[in-house]
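To keep things clear, I will list the structure first and then write my remarks on it.
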Ligand SMILES: *[C@@H]1O[C@H](CO)[C@@H](O)[C@H](O)[C@H]1NC(C)=O
Ligand SMILES: *[C@@H]1O[C@H](CO)[C@@H](O)[C@H](O)[C@H]1NC(C)=O
């Protein structure tokens with residue numbers, strides 16, 4: 289039974305381990321639909337490839353016959369390395385390692401889709417490496433200074449100075465507590481998204497999806513980027529929160545729609 293199931297599953301899921309630039313093993317799940325084209329899925333802060341947004345998107349792409357890869361960033365989930373609150377550029381390098389891995393096996397990475405912190409990493413990736421033509425920014429942050437007081441409390445700077453770190457309590461049972469250090473926070477504050485995004489190729493299409501009821505990151509901020517990115521489209525999902533709790537199907541169908549469109553454009557360009 290088990291053997292049969294392995295030989296002939298509905299869609300093959302395979303664990304893939306990729307070494308990043310710093311020698312850490314990154315662990316991901318390849319959803320193999322038999323397409324040469326593949327979509328990379330990037331999770332947000334303190335979640336993992338098992339986050340419901342990641343698994344639902346992979347499932348929706350699978351239904352559409354498109355292969356995808358969801359993986360854990362360094363220090364998250366099953367991947368090696370230390371968890372960091374900052375390290376946006378390190379995550380962009382993780383994406384680079386993943387993209388290179390699939391390019392080496394003759395795949396075409398048609399898009400990088402990131403949620404929240406993963407969206408910022410995807411955008412930074414596109415600002416540094418210029419080999420991906422489509423980025424999907426799901427509820428990324430327009431300004432990494434915003435939201436810190438909300439997360440840590442108004443006095444977080446004093447606490448950081450006094451104690452050298454801020455304790456982040458586990459958000460779920462079985463989760464782990466994390467320390468946010470001054471260095472890690474600096475790492476975050478040093479990234480000026482608006483400036484970095486100026487380096488994104490004009491051929492690269494950026495799709496921003498935002499929940500109309502996202503209280504963590506205001507939707508209006510996307511308009512600032514719309515001004516600097518020549519190839520940017522904003523899609524608001526009315527009533528959705530930061531993690532699209534009650535809007536998973538809508539989110540998935542939008543992402544699948546964009547991927548199908550991307551595949552068609554690639555076909556046209558190739559012919
Ligand atoms: C990728 O394609 C090249 C050129 O067609 C071929 O030589 C190489 O063996 C392929 N690599 C893999 C991993 O399939
Ligand atoms: C990414 O999405 C966020 C949330 O909607 C938005 O504020 C930001 O402007 C977007 N960034 C880019 C580069 O489009």
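Residue numbers (the numbering used here): 289 to 559.
A virtual CB, placed ideally from N, CA and C, is assigned to each residue, including glycine.
Values in this document were obtained by computation on a predicted structure and should not be read as measured data.
Own chain, CB closer than 8 angstroms to residue i, minus 5 neighbours either side, in chain order
{"i": "residue 411", "result": "402, 423, 425, 428, 481, 484, 485, 488 and 494"}
{"i": "residue 527", "result": "499, 500, 501, 534 and 535"}
{"i": "residue 317", "result": "301, 302, 303, 304, 337, 346, 357, 358 and 359"}
{"i": "residue 291", "result": "At residue 291 the pLDDT is 47, less than 50, meaning the model places this residue with poor confidence; the figure from the coordinates comes in the next sentence. For residue 291, where only same-chain residues beyond five positions count, there are no Cβ hits under 8 angstroms."}
{"i": "residue 453", "result": "467, 468, 469 and 470"}
Cβ pair residue i, residue j closer than 9 angstroms
{"i": "residue 371", "j": "residue 469", "result": "no"}
{"i": "residue 536", "j": "residue 339", "result": "no"}
{"i": "residue 400", "j": "residue 414", "result": "yes"}
{"i": "residue 478", "j": "residue 382", "result": "no"}
{"i": "residue 525", "j": "residue 513", "result": "no"}
{"i": "residue 376", "j": "residue 439", "result": "no"}
{"i": "residue 409", "j": "residue 379", "result": "yes"}
{"i": "residue 511", "j": "residue 530", "result": "no"}
{"i": "residue 405", "j": "residue 333", "result": "yes"}
{"i": "residue 421", "j": "residue 554", "result": "yes"}
{"i": "residue 519", "j": "residue 549", "result": "no"}
{"i": "residue 509", "j": "residue 430", "result": "yes"}
Paired residues, beta bridge with residue i - DSSP
{"i": "residue 466", "result": "456"}
{"i": "residue 307", "result": "313"}
{"i": "residue 356", "result": "319 and 327"}
{"i": "residue 494", "result": "423 and 520"}
Cβ neighbours of residue i in the same chain (closer than 7 angstroms, five flanking residues each side left out)
{"i": "residue 336", "result": "360, 364 and 365"}
{"i": "residue 389", "result": "306"}
{"i": "residue 354", "result": "321, 323, 325, 327 and 547"}
{"i": "residue 465", "result": "455, 456, 457 and 458"}
6 angstroms Cβ shell around residue i - same chain, five flanking residues per side excluded
{"i": "residue 295", "result": "Note that residue 295 scores a pLDDT of 47, beneath 50, so its modelled location is shaky and nothing firm can be said."}
{"i": "residue 557", "result": "none"}
{"i": "residue 418", "result": "489"}
{"i": "residue 367", "result": "314, 315 and 360"}
{"i": "residue 521", "result": "495"}
{"i": "residue 610", "result": "Beyond the ends of the chain as shown, which are 289 and 559, falls residue 610; an answer cannot be given."}
Proximity test, residue i beta-carbon vs ligand 4 heavy atom, cut-off 8 angstroms
{"i": "residue 389", "result": "Of the ligands this structure carries, namely ligand 1 and ligand 2, none is ligand 4."}
**OP:** Counting only runs of 3+ residues fully inside the segment 496 to 559, write out the beta strand (DSSP E) ranges in chain order.
**Re:** 520 to 525
**OP:** Entirely within the segment 386 to 454 and at least 3 residues each: give me those beta strand (DSSP E) ranges in chain order.
**Re:** 396 to 403 and 422 to 426
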